[in-house]
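Counting from 5, one number per residue, gives the positions in the first sequence under my numbering.
Everything below concerns the one structure shown next.
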Amino acid sequence: MGVQENNLRSDRIRSERAKNMQEKIKQYIEEILKELELPQVNFDVELPKDISNGDFSTNISLVLSKQVGKNPKEIAEQVLTILKTKNYPEFSNIEIAGPGFINFYLSKEYFESQIAQPVSKIETQYTDKEIIMEYIDPNPFKQFHIGHLMAGTIGESISRLYELGGADVTRMCYQGDIGPHVAKCVWGMIQHKETFPQDQDSIEDKIKFIGDSYVYGATQYKESPEVEIEIKELNKKLFEKSDAELQVYYEKGRAWSLEGFELMYKKIGTKFDTYMYETQTAPIGEKLVRENLAKGIFEKSEESDAIIYKGENEGLHTRVFINSQGLPTYEAKDLGLAVVKSEMGNFVRSIVITGAEQTDYFKVMLAALSKIKPEEAQKTTHITHGLMLFNGKKMSSREGALLADDLIEETKQKVEEKIVGREYTEEEKKEIIEVVAISALKYSILKQTPGKNIIFDFEKSISFEGDSGPYIQYAYTRAMSILGKVGEVNMDAKNNKDTYTIEKLLIRFESVITRAINELAPQLVANYLVELAGEFNSWYANERIIGDENESYKLLITKKVAEVLKTGLSVLGIKVTGKM
RNA sequence: GCCCCCUUAGUUCAAUGGAUAGAACAGCGGACUUCUAAGCCGUUGAUGUAGGUUCGAUUCCUGCAGGGGGCACCA
5 MGVQENNLRS DRIRSERAKN MQEKIKQYIE EILKELELPQ VNFDVELPKD
55 ISNGDFSTNI SLVLSKQVGK NPKEIAEQVL TILKTKNYPE FSNIEIAGPG
105 FINFYLSKEY FESQIAQPVS KIETQYTDKE IIMEYIDPNP FKQFHIGHLM
155 AGTIGESISR LYELGGADVT RMCYQGDIGP HVAKCVWGMI QHKETFPQDQ
205 DSIEDKIKFI GDSYVYGATQ YKESPEVEIE IKELNKKLFE KSDAELQVYY
255 EKGRAWSLEG FELMYKKIGT KFDTYMYETQ TAPIGEKLVR ENLAKGIFEK
305 SEESDAIIYK GENEGLHTRV FINSQGLPTY EAKDLGLAVV KSEMGNFVRS
355 IVITGAEQTD YFKVMLAALS KIKPEEAQKT THITHGLMLF NGKKMSSREG
405 ALLADDLIEE TKQKVEEKIV GREYTEEEKK EIIEVVAISA LKYSILKQTP
455 GKNIIFDFEK SISFEGDSGP YIQYAYTRAM SILGKVGEVN MDAKNNKDTY
505 TIEKLLIRFE SVITRAINEL APQLVANYLV ELAGEFNSWY ANERIIGDEN
555 ESYKLLITKK VAEVLKTGLS VLGIKVTGKM
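Rendered as structure tokens:
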């Protein structure tokens with residue numbers, strides 16, 4: 005019998021979830037407009053930024069005021085009078101505030117029922133839909149730098165957002181294992197023959213060798229015209245696989261690079277479902293471009309034998325798709341990739357994350373794609389991570405950009421210094437350092453709007469206090485510590501005090517997630533979590549939980565806080581730890 | 001030269017066209033014999049500039065200034 009009652013109750017509650025509450029309020033208002041014979045207009049029911057302005061708020065009277073020619077407060081009074089006569093049970097209060105907003109305050113019973121609900125998957129427009137995410141895209145033969153770390157962090161987070169929203173996400177890593185950058189590195193490897201690593205050497209040594217070879221090759225390519233010619237020839241040979249000795253260097257370098265990348269993915273907590281290489285997409289893309297040359301989508305360059313796409317007609321610029329040597333460029337390969345993706349599944353959205361410097365390039369590629377495969381272009385969204393600036397300037401891997409590994413190690417060291425003297429076992433210590441360091445790094449990337457540059461300064465960017473990943477982890481740890489001191493939490497506990505502010509924040513989790521998915525905006529989750537953690541820390545400092553007369557309800561809140569923080573952090577790709 | 005992005009407190013970042021522009025760090029001042037001080041409380045301090053649209057602009061539009069990125073065979 006109890007079970008049945010619970011089912012009934014949870015059904016009723018589910019239909020009253022926050023997003024539906026917004027629609028419900030909208031309906032109520034629309035009905036009242038009819039009763040008052042006021043015109044139907046577009047108005048919003050929103051979650052006020054400032055929680056003291058109610059749980060929901062509508063701007064109906066402000067929107068209506070000019071049309072009707074009345075003071076907004078007067079209209080609000082009219083609407084409010086009728087609202088009050090209806091005696092809706094879900095609100096404890098409805099009032100007019102500010103310039104004429106009507107603010108709705110939910111009842112204590114509503115909060116009680118919501119707080120007792122477990123955090124679970126969230127119904128969204130992407131539930132049961134397939135989505136493909138492409139991110140990081142590191143090039144074998146080049147080093148894994150901070151830009152890759154940013155792409156990985158954002159890509160993993162958006163993937164997890166979609167997954168929480170019920171989607172089936174395919175994570176793809178697309179790697180440039182052919183092209184001039186490879187030739188530069190292989191050329192460098194040959195110059196450094198004498199220090200060539202042996203098979204039994206460590207992967208770290210091998211990666212370092214590759215990195216050094218690339219930097220050397222790229223520098224020489226830029227500085228010496230003779231080297232430039234050599235490397236271009238080498239590139240063609242690699243593409244045609246016409247030189248057996250070169251292939252040996254190539255295969256070793258490629259394998260070492262990829263092995264190194266796998267270690268890195270593990271460190272930063274991402275894992276790909278599928279890998280694609282430029283050697284695979286190149287022939288497909290090349291064919292596509294040549295086929296569409298006849299149709300007039302592409303054209304022959306007037307200056308060389310290259311095949312180009314003229315973007316000027318669409319306000320873009322010209323890009324070379326097949327170079328004068330007859331080899332497909334990145335542009336053609338990306339077209340090939342789009343075709344490959346479309347054949348991999350029934351994706352409703354395809355998202356690609358790259359550095360912001362590729363914004364204009366991507367527009368041209370998508371313009372070409374929209375003429376060849378309009379439906380694929382339509383589904384594709386390009387999002388960028390900003391550039392990581394050092395001293396206000398972009399740094400390329402040629403000039404030796406900061407490597408992701410160095411940054412991670414430096415951050416770990418910082419954490420270790422911070423916990424000196426605390427009593428942890430070696431195992432705990434290791435886990436805490438790892439989890440806290442990655443959290444600090446990821447949070448500093450995710451709290452910002454993606455696409456904006458990050459001015460990188462270790463002291464300023466990576467924080468362990470205040471608006472930081474560890475701050476949120478710490479709040480979780482405290483909550484868990486309390487829960488660990490008591491037995492079962494009574495899920496039917498009732499609140500014998502006024503509704504707490506933290507409850508108002510807690511019930512917003514779903515709408516934050518929904519909005520973050522729709523706007524591809526993990527920073528909304530980050531901002532929400534730090535606010536929730538802050539509210540919890542404050543509540544914790546000012547209220548006794550265990551031993552309080554309202555203990556059982558406070559424990560229920562604490563449990564919910566822990567769940568929301570854990571789920572929210574997992575969306576950011578941040579782990580929690582029991583102790584810190 | 002052309003195109004795109006950015007400009008919010010001393011600093012690093014927030015703010016679905018909405019209410020008193022919100023945090024953090026730094027600064028200044030506190031509390032604490034109590035569930036983890038990576039914590040809590042108080043306080044100083046900001047929308048580059050000139051216009052426009054709007055009941056309402058940090059948000060949209062235009063000009064200007066400053067910064068960043070891109071612009072043919074790199075990715």
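Yeah, the Cβ is synthetic: ideal placement off N, Cα and C, and Gly gets one too.
This one's a predicted model, so the numbers in the text were calculated from it and none came from an experiment.
Nearest neighbour of residue 78 by Cα position, chosen from 42, 458, 93, 382, turns out to be 42. For residue 356, the enclosing beta strand (DSSP E) begins and ends at 351-359. Pairing residue 25 with residue 92, the inter-Cα distance amounts to about 12 Å. Across the set 305, 141, 226, 352, the C-alpha of 141 shows the shortest separation from the C-alpha of residue 262. Excluding its 5 nearest sequence neighbours in each direction, residue 189 has C-beta neighbours in its own chain below 6 Å: 145, 217, 218, 221, listed in chain order.
Closest option to residue 525, judged by alpha-carbon separation, among 354, 57, 158: 158. The C-beta distance from residue 174 to residue 338 rounds to 18 Å, too long to fall under 8 Å, and the pair is not in contact. Where residue 115 is concerned, the enclosing alpha helix (DSSP H) starts and stops at 112-119. A residue is called buried when at least 16 other Cβ atoms come within 10 angstroms of its Cβ; residue 335 meets this threshold and is buried. Between the alpha carbons of residue 123 and residue 572 lies a distance of about 10 Å. Collapsing the DSSP output to three states places residue 413 in a helix. Contact check for residue 286 against residue 376 fails: the beta carbons are separated by 8 Å or more. Taking the C-beta atoms as reference points, residue 360 is found nearer than 8 Å to residue 389. Cβ-Cβ distances below 6 Å link residue 536 to 509 in the same chain, with the five nearest sequence neighbours on each side left out; the list follows chain order.
Distance check between residue 240 and each of 150, 155, 332, 257 places 332 closest, using alpha-carbon atoms only. Contact annotation, residue 134 with residue 350: C-beta distance approximately 5 Å; criterion of less than 8 Å satisfied. Distance check between residue 100 and each of 456, 56, 131 places 56 closest, using alpha-carbon atoms only.
Using a Cβ distance threshold of 8 Å, residue 119 and residue 561 count as a contacting pair. By the Cβ criterion, the region 161-170 is not in contact with the region 229-236, since fewer than three pairs of Cβ atoms, one from each stretch, lie closer than 8 Å. Per DSSP, reduced to three states, the secondary structure at residue 199 is helical. When the beta-carbon positions are compared, residue 528 and residue 569 stay at least 8 Å from each other. Between the alpha carbons of residue 49 and residue 62 lies a distance of about 4 Å.
For residue 487, the secondary structure class from DSSP, reduced to helix, strand or coil, is helix. Residue 179 is bridged by DSSP to 281. Secondary structure of residue 367 (DSSP, three-state): helix.
The C-beta of residue 202 has fewer than 16 other C-beta atoms within 10 Å across all chains shown, which makes the residue exposed.
In the three-state reduction of the DSSP assignment, residue 148 falls in the coil class, being assigned neither a helical nor a strand state.
Residue 320 is positioned such that its CB atom lies closer than 8 Å to that of residue 371.
Ranked by Cα distance from residue 345, the options 326, 327, 368, 373 are led by 373. At a Cβ-Cβ threshold of 8 Å, residue 472 and residue 444 count as neighbours. Under the 10 Å beta carbon count, residue 406 is surrounded by 16 or more other beta carbons and is classified as buried. Across the structure, residue 29 and residue 550 are spaced so that their CA atoms are roughly 37 Å apart. Fully enclosed alpha helix (DSSP H) runs of no fewer than 4 residues occupy 462-465 of the region 451-475, in order along the chain. For residue 137, there is no enclosing alpha helix (DSSP H); the residue is found in the beta strand (DSSP E) stretching over 134-138.
With contacts defined as CB atoms closer than 8 Å, residue 311 and residue 322 fail to qualify as a contacting pair.
Among the bridge pairs identified by DSSP, residue 332 is matched with 326.
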